[in-house]
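The listed protein sequences correspond, in order, to chains A and B. Residues in the first sequence are numbered consecutively from 1, following UniProt numbering. Residues in the second sequence are numbered consecutively from 1, following UniProt numbering. For reference, the structure discussed in these notes is given below.
2 protein chains.
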Amino acid sequence: MKRDVYLEDKPLEEALAEYMSHLDQVGALQPGESEVIPVEDAAGRVTAAPVYARSSSPHYHAAAMDGVAVRAADTFGASDATPKRLAVGERAVVVDTGDPLPPECDAVIMIEDVHFLDDITFEITAGAVPWQHMRVIGEDVVATEMIVPANHLLRPVDLGGILAGGVTEIAVHPRPRVALLPTGTELVQPGAELKPGDIIEYNTRVLGAMVSQWGGSPRRREITADDYGALKARLQEAVSESDVVLINAGSSAGREDFTASLIGELGRVLTHGVAIKPGKPVVLGEVAGKPVVGVPGYPVSAVLAAELFVKPIIYRKLGTVPPVPEKAEVIVSRKIVSPMGTEEFVRVKLGQVGDKIIATPISRGAGVIMSMVRADGILRVPRLSEGYNAGQTVPVELMRSLEEVRETTVIIGSHDITLDVLANHLRKKHPYATLSSAHVGSLGGLSALKRGEAHCAGTHLLDEETGDYNVSYIKRLLADRPVVVVNLVYREQGLIVAPGNPHGIRGVEDLATPGLGYINRQRGAGTRILFDFKLKQQGISPDDIRGYEREEYTHMAVAAAVASGSADAGMGIRAAALALGLDFVPVVEERYDLCIPVEYYDTPYIQRLLEVMAEPAFREEVRALGGYDLRDCGKIMYDSRG
Amino acid sequence: MKRDVYLEDKPLEEALAEYMSHLDQVGALQPGESEVIPVEDAAGRVTAAPVYARSSSPHYHAAAMDGVAVRAADTFGASDATPKRLAVGERAVVVDTGDPLPPECDAVIMIEDVHFLDDITFEITAGAVPWQHMRVIGEDVVATEMIVPANHLLRPVDLGGILAGGVTEIAVHPRPRVALLPTGTELVQPGAELKPGDIIEYNTRVLGAMVSQWGGSPRRREITADDYGALKARLQEAVSESDVVLINAGSSAGREDFTASLIGELGRVLTHGVAIKPGKPVVLGEVAGKPVVGVPGYPVSAVLAAELFVKPIIYRKLGTVPPVPEKAEVIVSRKIVSPMGTEEFVRVKLGQVGDKIIATPISRGAGVIMSMVRADGILRVPRLSEGYNAGQTVPVELMRSLEEVRETTVIIGSHDITLDVLANHLRKKHPYATLSSAHVGSLGGLSALKRGEAHCAGTHLLDEETGDYNVSYIKRLLADRPVVVVNLVYREQGLIVAPGNPHGIRGVEDLATPGLGYINRQRGAGTRILFDFKLKQQGISPDDIRGYEREEYTHMAVAAAVASGSADAGMGIRAAALALGLDFVPVVEERYDLCIPVEYYDTPYIQRLLEVMAEPAFREEVRALGGYDLRDCGKIMYDSRG
């Protein structure tokens with residue numbers, strides 16, 4: 001069972017420089033033959049040649065004001081004391097803005113400065129200076145002058161300048177044709193009925209949208225199975241019909257990863273494996289003078305590899321350069337450990353809390369496309385760094401504008417589905433506002449508040465002594481921090497079980513039954529604390545619960561584990577069970593509050609949320625989820641200021 | 001002759017707030033009925049509803065690595081000292097990344113950690129932890145979770161998240177349909193044969209491209225003549241078929257400006273006249289619940305009015321907000337006087353010189369579309385300000401990115417056509433580099449160097465005593481500033497005259513002939529100094545030259561004046577005469593140099609220019625212009641360091 005297990009580990013800068021330089025040498029970065037298009041369709045295109053004016057604008061001496069065109073010499077001497085009378089005729093003509101001046105005239109008097117005595121005769125009280133209130137020939141554009149140079153990205157105003165210069169068609173660089181080849185026996189088209197092992201082929205849709213955004217013209221081909229011969233034929237066809245070819249995936253070194261050997265057979269592999277994470281198994285190749293890139297299969301790897309290696313090719317072929325991404329200096333909220341020798345691209349959520357922008361890393365799996373959907377920015381950990389410490393200031397490349405980041409309410413803490421509903425209603429009411437929630441459990445949320453990383457925390461921490469929620473924890477953990485606690489919802493917690501409850505589970509007491517598998521929440525989660533409390537009440541040891549050590553971070557993930565059959569029960573909220581069509585064994589009603597440091601309470605970050613929480617539309621949608629009670633929603637449950 | 005001469009002068013904020021609030025009240029800002037489109041076509045669109053996952057991703061437990069799927073319990077106890085042997089079978093299956101795990105398995109061992117003894121038997125030296133190297137169901141997307149909220153602008157990665165969640169079609173806000181109504185008897189379509197008084201109708205092309213850029217769907221109508229009845233019918237039709245209507249122009253208060261009264265008859269005019277410059281004569285109206293904006297006719301006014309009043313409408317109807325323009329703090333290079341009571345939008349060129357970004361205002365005429373084409377940014381002078389002093393720090397909204405501005409070589413001084421050729425070749429060789437030239441004459445250029453506003457100055461100043469060029473002026477004006485002077489070209493200066501030289505002009509000596517009209521260059525221009533020198537040589541007084549006081553800022557503008565017949569002669573370079581098909585009477589060959597402060601000489605700003613000046617392609621193009629000699633092009637003529 002021979003496998004070519006190891007990939008190269010070439011530093012990013014080296015791989016990129018070497019690849020671009022090779023492509024340059026073989027002419028693969030040259031723009032294609034220019035195409036001539038109507039100017040009015042040219043916004044967003046790039047000029048292939050300088051554009052010179054064919055005619056001047058104005059192309060005649062024009063009145064720049066509504067008024068009377070005169071010969072300036074006829075007006076000399078007019079003043080308040082000695083008004084001058086003139087008569088409309090060959091050398092005094094009423095004109096509107098834009099009218100051509102009669103050949104005898106060389107100035108315009110504004111209509112406001114003209115006093116008509118009758119239909120013909122008018123009086124002026126000041127002389128006109130030659131050429132006043134006129135637009136002379138070529139004032140805007142002079143025939144033959146260069147309006148825009150070559151390799152200029154055309155903006156709407158440029159179209160105006162070019163059309164004003166009498167030009168109606170221009171030469172632009174063609175959009176590079178990019179062939180997208182999805183490969184893999186496991187791939188199915190979106191919308192297909194899914195069998196285990198099927199993977200929805202969405203990567204080339206994402207890559208295609210990226211290519212379009214950069215100015216290229218993507219063309220997605222049919223899915224090719226993992227068959228060397230079929231792939232070879234497909235690649236040869238794509239190379240002959242396109243300017244750039246992306247093969248997705250088969251770019252690693254597995255049993256059915258043919259991309260590298262295929263490119264090697266038909267052309268040349270410059271690099272197979274770059275020291276980046278995600279995105280390592282990328283193939284940088286060239287076939288018949290065309291760039292051919294083997295893009296990795298994991299979606300985050302695919303997006304990153306395309307950003308790093310395909311985007312510069314497209315822009316070079318368009319004779320221009322990529323826009324520079326907006327950057328910001330941010331504070332890392334927690335330690336980020338990254339392997340030495342690899343440049344890592346960490347997706348982060350961002351929010352302005354106080355006067356700092358806080359970056360919180362999100363899932364680092366290359367397979368988690370939602371980490372890109374949820375990311376506000378990308379933090380690069382350089383190849384020769386082992387990461388960052390919490391509190392360190394680092395640069396991030398923004399995926400949302402700084403203004404949007406600044407309008408984001410940051411909530412860190414326990415997860416509840418109503419937060420999604422809240423986020424959605426917030427955005428509907430305030431299009432510029434975002435609710436960004438990170439799920440680290442109730443205790444994690446209170447710690448985040450303590451460290452100044454969030455505007456509020458979602459928390460449902462049961463005090464075993466008093467049976468009350470949250471307040472005793474807050475008093476202890478945030479002793480020196482004045483806060484307001486506002487209720488969001490009451491919700492049912494219980495055991496999520498398979499449909500029909502096949503094991504007849506009645507409560508926590510039944511979970512120690514041999515053969516039953518449990519799925520737990522992570523340490524610090526309110527649900528975990530509740531579960532531990534219930535175990536203690538029942539005198540059950542965690543050791544008796546099979547799967548106690550298996551941790552998930554959200555209610556939905558627990559429900560998904562039960563739905564898949566990998567666990568028989570897990571504690572969570574009713575809404576999660578309902579969402580996946582599972583059964584639910586109620587255990588307790590608990591209080592879920594928002595804990596808000598007073599300094600944020602009166603800011604729009606919080607007041608906007610409270611407004612939305614008061615809206616009937618929000619409340620109805622939450623009630624429809626099931627398992628929620630909103631009797632205290634928006635009510636202040638505790639104010640540490642007394 | 002009754003005219004409604006005066007417009008309102010409403011402050012911008014007031015006009016905008018009042019208009020948006022009225023439109024909001026009549027429901028004109030609501031998005032249209034949502035449309036359902038395939039996810040793969042949805043990049044750049046805005047969600048009309050939150051998107052929830054239909055299925056989980058992965059939808060089965062998947063191997064996250066190439067390797068062997070095992071039951072973790074079977075591996076316990078394996079170590080280097082006590083390797084464990086397993087056999088491929090029901091509970092140990094070779095898997096590739098993405099393969100489904102067999103039901104009996106709950107972990108994957110990486111292929112690198114497996115030692116096959118034969119085709120079936122393998123050995124491991126470490127136990128597997130349950131769920132290691134697996135992607136469990138829902139790791140990326142959990143069925144029913146919200147993937148993106150409503151009013152979310154979809155990026156390529158979002159399409160991936162949505163497709164991964166099993167969703168193939170989504171509801172998005174429709175693109176607002178924007179009708180563009182060009183009106184005016186003087187308008188002709190681009191490409192038409194031009195008669196005096198004809199104006200090329202390009203405004204609606206520019207507006208259409210802007211609307212598309214914002215996410216709207218523009219539809220340009222036929223040109224309507226200035227006829228109240230015809231306009232009324234056209235407007236009614238447009239209102240019934242569109243979401244927003246722009247009428248261009250007739251928005252002022254002239255004899256044939258019907259826009260305001262028409263909107264008033266069919267609906268309501270909220271504002272007619274806003275205290276902005278350019279853009280004052282704008283009409284903000286509403287007809288049948290649709291926004292109808294009378295956009296001014298001057299192109300810069302049209303662009304600004306659309307930016308200020310139409311853009312926010314389009315974005316509101318898309319459920320989102322406009323991107324915030326990039327801003328920068330810059331230094332104003334010269335005094336800007338702006339009328340109190342009016343908010344002025346001054347177009348500026350920008351360049352980084354030393355550690356400051358310098359803003360140089362360009363033409364302020366509302367009719368000069370090239371002022372927008374050439375602008376790098378817009379400087380707002382607030383309504384209650386009278387302007388800025390030279391050297392003051394002010395904010396500008398950028399029209400080019402700060403990075404591009406930073407890569408711009410700023411040349412201020414005398415105008416020569418070869419600078420356009422140089423700019424074009426520079427951009428071809430360095431797609432990120434720009435040559436920005438401001439034309440203020442040779443002396444103006446040296447002053448700009450003195451004030452630290454440019455990287456170099458173009459200069460051709462004749463020393464009347466020595467007959468030499470530039471150096472004596474530089475020694476005097478830049479005494480304490482070490483500079484290098486590099487020759488660009490020698491060029492012929494002479495008199496530009498009508499084709500066939502109808503007045504038989506042989507030289508400067510003939511210009512005092514009665515009846516001849518001259519067109520001059522501005523004070524401080526090298527050509528003006530040369531002309532004055534020649535007059536003195538001939539013993540002619542400026543008073544004897546009719547038109548001596550008429551000043552233009554470029555050779556091409558002088559040539560245009562001669563071409564139009566408004567002047568019989570003007571001094572300038574041969575290339576300008578050739579470009580407009582005029583005749584040329586040579587007077588002198590002069591030297592045109594670049595004066596470069598030594599601190600910029602070795603920077604890319606200058607070295608890139610010198611590189612391009614050495615290229616045969618650049619030189620051939622300059623020679624083809626006619627009247628140029630490149631014998632010293634690129635040669636150092638003077639180095640003040642000795």
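Idealized CB from N, CA, C, for every residue including glycine. Every value quoted in this text rests on a predicted model; they were computed, and no experiment measured them.
- For B:Gln213, the chain A residues whose C-beta falls within less than 9 Å of its own C-beta are Ala43, Gly44, Arg155 and Pro156, listed in chain order.
- Residue range Val598 to Tyr601 is occupied by the alpha helix (DSSP H) that includes B:Tyr601.
- Between the alpha carbons of A:Gly197 and A:Gly458 lies a gap of roughly 37 Å.
- Secondary structure at B:Ser240: helix, using DSSP grouped into helix, strand and coil.
- Counted as a single uninterrupted DSSP element, the stretch harbouring B:Met146 is not any alpha helix (DSSP H) but the beta strand (DSSP E) occupying residues Met146 to Val148.
- Counted as a single uninterrupted DSSP element, the stretch harbouring A:Ile474 is not any beta strand (DSSP E) but the alpha helix (DSSP H) occupying residues Val471 to Leu477.
- In terms of beta-carbon proximity, B:Lys475 stays away from the interface with chain A, with every pair separated by 8 Å or more.
- Taking a contact to require three or more Cβ pairs closer than 8 Å, the segment 559-577 of chain A and the segment 488-498 of chain A qualify as touching.
- The secondary-structure analysis by DSSP pairs A:Cys633 with nothing; it has no beta-bridge partner.
- DSSP, read as helix, strand or coil, puts B:Pro586 in strand.
- Around the CB of A:Ser442, 16 or more other CB atoms lie within 10 Å, so the residue is classed as buried.
- Under DSSP, the beta-bridge partners assigned to B:Tyr490 are B:Arg591 and B:Asp629.
- According to DSSP, residue pairing for A:Arg268 in a beta bridge involves A:Glu286.
- Taking the Cα of A:Ala579 as reference, the smallest distance to any Cα among A:Thr513, A:Asp416, A:Arg476 and A:Arg221 is reached at A:Asp416.
- Judged by beta-carbon spacing, A:Ala128 lies within the 8 Å limit of A:Ala72, meaning their Cβ atoms are closer than that value.
- Of the residues assessed, A:Pro103 falls on the exposed side of the cut-off, its CB having fewer than 16 other CB atoms within 10 angstroms.
- Bounds of the alpha helix (DSSP H) holding B:Lys536 are Gly526 to Gln538.
- Taking a beta-carbon distance threshold of 8 Å, A:Ser566 counts as an interface residue toward chain B.
- The beta carbon of B:Ile199 sits closer than 8 Å to some beta carbon of chain A.
- The segment 445-461 of chain B and the segment 399-418 of chain B touch, with three or more beta-carbon pairs separated by less than 8 Å.
- Only exposed fits A:Thr603, as fewer than 16 other CB atoms lie within 10 angstroms of its CB.
- Contact annotation: B:Gly547 and B:Val558 have beta-carbon atoms that are not nearer than 8 Å.
- Using a Cβ-Cβ cut-off of 8 Å, B:Leu304 does not count as an interface residue toward chain A, since no Cβ of chain A sits closer than that to its own.
- Here A:Asp632 is near A:Asn487, since their CB atoms are less than 8 Å apart.
- Excluding its 5 nearest sequence neighbours in each direction, B:Ser301 has C-beta neighbours in its own chain below 6 Å: Pro278, Gly279 and Ala366, listed in chain order.
- Using a Cβ-Cβ cut-off of 8 Å, B:Met20 does not count as an interface residue toward chain A, since no Cβ of chain A sits closer than that to its own.
- DSSP places A:Ser385 outside both helix and strand once states are collapsed to three, so it counts as coil.
- Of the other Cβ atoms in all chains shown, 16 or more fall within 10 Å of the Cβ of A:Gln493; this residue is therefore buried.
- Residue A:Val324 holds the alpha-carbon nearest to the alpha-carbon of B:Val405 among A:Val324, A:Glu241, A:Leu23 and A:Ile247.
- Between the C-alpha atoms of A:Pro597 and A:Ser437 there is a straight-line separation of about 17 Å.
- Neighbours of A:Pro174 in chain B, taken as residues at a C-beta separation under 8 Å, are lacking, since the least C-beta distance is about 16 Å.
- Within the segment 121-159 of chain B, complete beta strand (DSSP E) segments of at least 3 residues are found at 121-124 and 146-148, given in chain order.
- Close to chain A, meaning a Cβ-Cβ distance shorter than 7 Å, are the following residues of the segment 428-457 of chain B: Lys428, Pro431 and Tyr432.
- Between B:Ile124 and B:Leu86 the beta-carbon gap is near 7 Å, inside 8 Å, which marks them as a contact.
- For A:Val497, no Cβ of chain B is located within less than 8 Å of the residue's own Cβ.
- One thing to note: B:Ser242 has its Cβ no nearer than 8 Å to the Cβ of B:Ala143.
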